[in-house]
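Taken in order, the sequence shown gives residues -31 to -1, 1 to 248; the numbers are from mature numbering (1 follows the signal peptide of the UniProt record, and there is no 0). Beneath this line is the structure, given in structure tokens, with notes to follow.
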Amino acid sequence: MLVRSRTLVTVALSCSLLFGATVNGTGAANAQDNVSMAAQYEPQYEPLETRLGTPWDTTGLSNTAFQFVENSAELPEGTQFVLDGDTFTNVIDDGLLASRVDSRTGMIRHTLAGSEVIYFIPGKMTRSYIDRVTVKAIYPDGSSDIVTPHSVITVADDIYYSIQSEEIPRVRKGQTIKIPLRVMDGTGAIGGVPQGSKVVRDRYGSIDNAELMGAIVVIDEKTGELTFTASEDRTGQLWFAVELIYPDGTYATASYSIEVTDQPEPVDVIRPAGSSLSS
């Protein structure tokens, strides 16, 4: 915001004319205030609310978003932008989201998974970044402004959630078992699939292949629970997968590897092995 830097000064005038006549009046003049550039200018950023995905996302989510200075044309030439605080870099990076400030334009670039490697760490995954960056604008006269642009950057569901992996025991021929789908969120809490999700057959037809081997697989689309019935006359290893489609449209693949045996062994509950970052 550009602030007025001149003050109107009103001066009383008194003028003596010939023959003793006196004329009184007022006059106006502009006086230049001795103020800093920080008192005259203030960078204004565009607000940002967005959801970011991975670099390999196929659902249309970008992994990058920008924030620009709306009134950059009003700021004096030579204005520099840095991160506020004692730092030698213009980047904040927690390993998941990197926010970089352009020193000349003040533009902020937010990039999710810039290294293209994401490690799901229970209890340490951030769901949303709010007002991520505080910027210092340094003017040519050395004065400065501190600005915190408003931003809400939400992490895609397939990053924030992780399908739980557990060892899968063997099942007997002809036996029917229930296989629940368990998901951990970024806080470390384990539960069912997020509300609004949908679980479907994977796009590569792996369940079809398992069924050709005599197995029967029924999917509960809302909960992700599978009902698996082993073949009556076949033994061996079966592999198949399902896709967990999250509410934001991103998805993960849960893979199952089940050994069908004719040995009379007890069978426990089976849980899937999967990755929340599969695509």
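Here a beta-carbon is modelled for each residue, glycine too, at the ideal position from N, C-alpha and C.
Here Leu81 is buried: its Cβ has 16 or more other Cβ atoms, across all protein chains shown, within 10 Å.
According to the DSSP assignment, Ile128 belongs to the alpha helix (DSSP H) that extends over 126 to 129. Counting every other CB atom within 10 Å of its CB across the protein chains shown gives Leu207 a total of 16 or more, marking it as buried. Comparing alpha carbon positions, the residue from Leu17, Ala221, Val4, Ser5 closest to Tyr129 is Ala221. The alpha-carbon separation between Gly160 and Ala7 amounts to approximately 52 Å. Taking C-beta atoms as the reference points, Gly75 and Ala106 count as a pair closer than 8 Å. Using a Cβ distance threshold of 8 Å, Pro163 and Tyr88 do not count as a contacting pair.
When the beta-carbon positions are compared, Ser68 and His79 come within less than 8 Å of each other. Distance from the CA atom of Ala199 to the CA atom of Met153, rounded to whole angstroms, is 28 Å. By the beta-carbon neighbour count (other beta carbons within 10 angstroms, threshold 16), Tyr173 is exposed. For Ser175, no beta strand (DSSP E) run applies; the uninterrupted alpha helix (DSSP H) run containing it begins and ends at 175 to 181, by DSSP.
Of the other Cβ atoms in all chains shown, fewer than 16 fall within 10 Å of the Cβ of Asp110; this residue is therefore exposed. DSSP lists Ile148, Ile188 as the beta-bridge partner residues of Leu195. Going by beta carbons, Ala125 and Leu21 fall inside the 8 Å limit. Looking at the DSSP output, Thr19 bridges to Ile122. In this structure, the straight-line span from the alpha carbon of Ile176 to that of Val38 is close to 52 Å. In this structure, Glu228 lies away from Gly143, with their beta-carbon atoms at least 8 Å apart. Contact between Ala34 and Ile148 does not hold, since the beta-carbon distance rounds to 38 Å and is not under 8 Å. In chain order, Gln36, Phe37, Glu39 place their CB closer than 7 Å to the CB of Glu15, counting only its own chain and leaving out the 5 sequence neighbours on each side. For the 8 Å CB-CB criterion, Val168 and Leu150 form a contact. Of the candidates Thr230, Tyr225, Asn178, Asp127, the residue whose Cα lies closest to the Cα of Thr27 is Asp127. For Gln9, the enclosing alpha helix (DSSP H) starts and ends at 6 to 9. Here Gly155 is not near Thr103, since their CB atoms are 8 Å or more apart.
The residues Thr74, Gly75, in chain order, have a CB closer than 7 Å to that of Ser41 in the same chain once the five nearest residues on each side in sequence are set aside. Take Gln49, set aside five residues on each side of it, and the residues of its chain with a beta-carbon closer than 6 Å to its own are Ser72, Ile107, in chain order. Counting only residues of its own chain and dropping the five nearest sequence neighbours on each side, Ile61 has a CB closer than 6 Å to the CB of Ser68. Residue state for Glu43 is assigned as helix, using DSSP reduced to three classes. Under the three-state reduction of DSSP, Val168 is assigned to strand.
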